[in-house]
Amino acid sequence: MDLTITPGESMAVTGPSGSGKSTLLMCLLGLVRPQAGTIVAGGLELTALRSARLAQARRRTIGMVFQFGELLPELSPVENVALPVLLDGGSHQDAYRRAAELLHDLGVPSGSTPTGQLSGGERQRTAVARALITDPQVLLADEPTGALDPEAKNAVAELLYASARERGCSLLVVTHDPAVAERADHRHELRAGLLAPMGAR
Numbered sequence: 002m003d004l005t006i007t008p009g010e011s012m013a014v015t016g017p018s019g020s021g022k023s024t025l026l027m028c029l030l031g032l033v034r035p036q037a038g039t040i041v042a043g044g045l046e047l048t049a050l051r052s053a054r055l056a057q058a059r060r061r062t063i064g065m066v067f068q069f070g071e072l073l074p075e076l077s078p079v080e081n082v083a084l085p086v087l088l089d090g091g092s093h094q095d096a097y098r099r100a101a102e103l104l105h106d107l108g109v110p111s112g113s114t115p116t117g118q119l120s121g122g123e124r125q126r127t128a129v130a131r132a133l134i135t136d137p138q139v140l141l142a143d144e145p146t147g148a149l150d151p152e153a154k155n156a157v158a159e160l161l162y163a164s165a166r167e168r169g170c171s172l173l174v175v176t177h178d179p180a181v182a183e184r185a186d187h188r189h190e191l192r193a194g195l196l197a198p199m200g201a202r
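Going by this note's numbering, the letters in the sequence shown line up with residues 2 to 202, in that order.
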C-alpha cells in the first residue's frame, strides 16, 4: 500500500466494515507497527521510533479526531483542548490562552460549562480544536461525523477540511458517509487491505 498526502490537501478513505480502515489509522498513529514498509509523518519515520520518542512524535506531529470525541466530559472545553499542550510540558497560561483562541475561532463557547453538557456538534468541534492545538502536520479523523445530526455533520465536515487547507496539514478522513468523502481532494476505497483511488475533487 502506497499512501501520500500533500500538506494542505485532504484524502477520504471509505470501505466496508472489516476492510482495515481502523488498522490503517492505528498504523499511522504508531499504535500498531506494520509488518513491512515505513510510515513517515512530518519528516519523521515513525516506524523507526520506539516508545518515548514515538509518543513524543505522535503528540507533536499528529492530531486525531475520534467519532465520539473521546473528551473528558467533566472538564470544560478549554481544559480539554489545553491538555495536549500541558502534557507536552507547555505552560498553563500559554495552553489555556491558545485553547480559548482556537475554540473562539471554531465557534465553541469557552466558558466553564462541562464539555459533557455541550451539543454533539459543539463537542466534536471541541475535539477538532484539541487535535489542532499542537499545530500538527498530519490530521487524522475516524468517522468524525458518524454520531452527529445532518446539520452538525455538515458543519463539522466543513470545519475539518477548511482547517487542513488553512493550516497546511495533511488530512486523512475515514468515513462511511459519501457526502463527507466527496469533500476531500482525493478519495480512496479500502477493501481487503488494498487501497484503490476513486477520484479527485
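Beta carbons are placed, not taken as given, at the ideal position from N, Cα and C, and that holds for glycine.
Beta carbon of residue i nearer than 7 Å to that of residue j
{"i": "V139", "j": "S164", "result": "no"}
{"i": "T127", "j": "N155", "result": "no"}
{"i": "P74", "j": "T116", "result": "yes"}
{"i": "I63", "j": "P137", "result": "yes"}
{"i": "G194", "j": "G19", "result": "no"}
{"i": "L173", "j": "L149", "result": "no"}
Whole-angstrom distance between residue j and residue i, CA atom to CA atom
{"i": "G91", "j": "T176", "result": "33 Å"}
{"i": "R99", "j": "L133", "result": "10 Å"}
{"i": "V66", "j": "I6", "result": "17 Å"}
{"i": "G169", "j": "L88", "result": "24 Å"}
{"i": "H105", "j": "S111", "result": "7 Å"}
{"i": "R188", "j": "L196", "result": "10 Å"}
{"i": "L161", "j": "G108", "result": "13 Å"}
{"i": "Q94", "j": "P78", "result": "15 Å"}
{"i": "A182", "j": "L25", "result": "17 Å"}
{"i": "G44", "j": "S52", "result": "18 Å"}
{"i": "R184", "j": "A158", "result": "8 Å"}
Per-residue burial, residue i [other beta carbons within 10 Å of its own, 16 or more giving buried]
{"i": "M2", "result": "exposed"}
{"i": "S11", "result": "buried"}
{"i": "Q36", "result": "exposed"}
{"i": "D143", "result": "buried"}
{"i": "V33", "result": "exposed"}
{"i": "P17", "result": "exposed"}
{"i": "P151", "result": "exposed"}
{"i": "Q125", "result": "buried"}
{"i": "T15", "result": "buried"}
{"i": "V41", "result": "exposed"}
{"i": "L72", "result": "buried"}
Nonlocal neighbours in the same chain, by C-beta distance under 6 Å from residue i, ignoring five residues either side
{"i": "G31", "result": "L47, L55, R59"}
{"i": "T39", "result": "E46, T48"}
{"i": "E123", "result": "V109"}
Other residues of its chain near residue i: CB distance less than 8 Å, five sequence neighbours each side excluded
{"i": "L103", "result": "V82, A130, L133, I134"}
{"i": "S120", "result": "A153"}
{"i": "A27", "result": "The question names Ala, but residue 27 is Met in the sequence shown. Result list for M27: V33, in chain order."}
{"i": "Q57", "result": "D89"}
{"i": "L50", "result": "G31, A58"}
Own chain, CB closer than 7 Å to residue i, minus 5 neighbours either side, in chain order
{"i": "A1", "result": "Since the displayed the chain opens at 2 and closes at 202, residue 1 lies outside it and no answer follows."}
{"i": "R166", "result": "G9"}
{"i": "F69", "result": "A148"}
Within-7 Å CB hit, residue i to chain D
{"i": "L191", "result": "Structure shown: chain D not included; a single protein chain is present."}
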